[in-house]
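Going by our numbering, the sequence shown opens with residue 768, and the numbers climb by one from there.
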Amino acid sequence: MAPEMLGLRLRQGGNADKAGFVGDQIERPGDYLELGPVPRPVPGPGQVLIKVRRAAVNPSDMAFIQGFYGQKRVQGRPAGFEGVGRVVEAGPGLMGRYLRGRDVGFYVTPDGSGAWAEYALTQAASALPLKKGVADRDAAGLIVNPVTAAAMMELVKPGDAFVFSAAASQLGKLIASLARDQGKKMIALVRRPEPVAALKSLGATHVLDESHPDFADQLATTFAKETPVIFLDAVAGSASARVHQTMGNNARWVIYGKLDVSPAEILDPSDMIFRNKTVEGYWTTDWARKTSFLRKLRVFGEVQNRFRDGRWTTDLSAELPLQQVIERLPQALAQPDGKVQIIMPEG
Ligand SMILES: NC(=O)c1ccc[n+]([C@@H]2O[C@H](COP(=O)([O-])OP(=O)(O)OC[C@H]3O[C@@H](n4cnc5c(N)ncnc54)[C@H](OP(=O)(O)O)[C@@H]3O)[C@@H](O)[C@H]2O)c1
């Protein structure tokens, strides 16, 4: 019999029956996940098996386990898209052989087995050997948000201003300092006053709080001054539609998340017809498919350098032992200003 491991396995397969949105929270993880023994995966050609130390918890995991992601669930397989650990076995292939015995930050490919388990399986090309000095808490979330930050900033020209919603997110914090270093002006939108000062000190040029009574006026004044043409938006609700409406001609509304669980709307279709405004989507998975290997290598290296020298850090709100995730995840996710990570039994 194949050896077993402990994992948080998916209780359902496929997508959810109805279309919907789940934001960044989960009410009853036990409806979707169960803790139990699962067969330890065996790496095939091009794959590596990783002994996981820590795994990230991201909004994309919430969407995925509840069946609202661009990738189908496989019933019984562990959840979790990314983490850090050591490559302990490799299937046939040069890259896997090179990685054996090395510490890696990794992203689980659709043919793999999730990071919320003692062992994860993925393609060797999705496991990044760690540079010395990168801490596990940073390496556990090395790909989803950091690579997205680097890739999304390719959409903005140096010297230009851009609008960024849900800016208190981990991604927002990474973008704030990256934008400053690249000479791009971030107009950060948050929904409460607490993160304003921190985002300014990280590098955002303007931070506007949607809960402020003068928010609409502040938005209009800031847009008149900075003339942003790109709106990077993870909220995609009615507040986002108003932001896009306030922007000038040619404004591109780039939707890369759906944190607002109410349906999205377009307030004035004539904006698209007569003012050349557009709405489009963005997914780092597509960026990875379209981007050359060399460019990706450069991005992976730069991402690690930024963590290593302290230009980026990972704020944590909770570290949950694997065995306590189902019970404690909802409360942990409700804490603001930090990521939740899962610690493996011997992590
Ligand atoms: N398309 C892609 O390729 C891609 C890649 C990476 C990430 N993403 C997306 O990027 C977004 C941020 O990810 P993350 O890991 O950085 O998030 P995170 O650190 O977990 O933070 C989530 C943030 O969302 C904010 N938020 C939640 N619901 C909101 C709402 N209804 N209106 C406004 N703000 C809301 C929270 O605000 P408070 O701080 O005020 O609670 C929090 O700051 C997610 O939507 C994720 O799916 C997409």
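Using N, Cα and C, we set each Cβ at its ideal position, and we do this for glycine too.
Annotation for Pro826: the continuous alpha helix (DSSP H) segment containing it runs Pro826 to Ile832.
Of the residues assessed, Asp784 falls on the exposed side of the cut-off, its CB having fewer than 16 other CB atoms within 10 angstroms. Short of 7 Å from the beta carbon of Gly1004, and not among the five residues preceding or following it, lie these beta carbons of its own chain, in chain order: Asp1027, Ser1029 and Ala1031.
Those residues that have a beta carbon less than 6 Å away from any non-hydrogen atom of ligand 1 are, in order along the chain, Gly790, Asp791, Asn825, Pro826, Ser827, Val911, Asn912, Thr915, Ala933, Ala935, Ser936, Gln937, Leu938, Arg958, Arg959, Ala1001, Val1002, Tyr1023, Gly1024, Leu1026, Asp1027, Tyr1049, Trp1050, Thr1051, Pro1103 and Lys1106.
The alpha-carbon separation between Gln1071 and Val901 amounts to approximately 7 Å. In terms of Cα proximity to Gly811, the closest of Leu775, Arg864, Arg778 and Ser827 is Arg864. Short of 6 Å from the beta carbon of Gly837, and not among the five residues preceding or following it, lies no beta carbon of its own chain. Lys1106 is not a Cβ neighbour of Gln833, given a cutoff of 7 Å. Counting the other Cβ atoms within 10 Å of the Cβ of Leu802 gives 16 or more, which makes it buried. Contact check for Asp1038 and Lys1044: beta-carbon distance about 4 Å, within the 8 Å limit, so the pair qualifies. Two segments are said to touch when three or more pairs of C-beta atoms, one from each, lie closer than 8 Å; by this definition the region 859 to 877 touches the region 805 to 821. Under DSSP, Val923 shares a beta bridge with no residue. Asp976 carries a strand assignment under DSSP once its states are collapsed to helix, strand and coil. Ser1084 sits in a strand when the DSSP states are folded into three classes. In this structure, Leu999 lies away from Val963, with their beta-carbon atoms at least 7 Å apart. Rounded to the nearest whole angstrom, the C-alpha separation of Asn1017 and Pro913 is 28 Å.
Counting C-beta pairs closer than 8 Å gives three or more between the region 967 to 985 and the region 939 to 949, which meets the contact rule. For the pair of segments examined, the region 889 to 906 was found not to touch the region 915 to 923: the number of CB pairs separated by less than 8 Å stays below three. At a Cβ-Cβ threshold of 7 Å, Ala846 and Leu777 count as neighbours.
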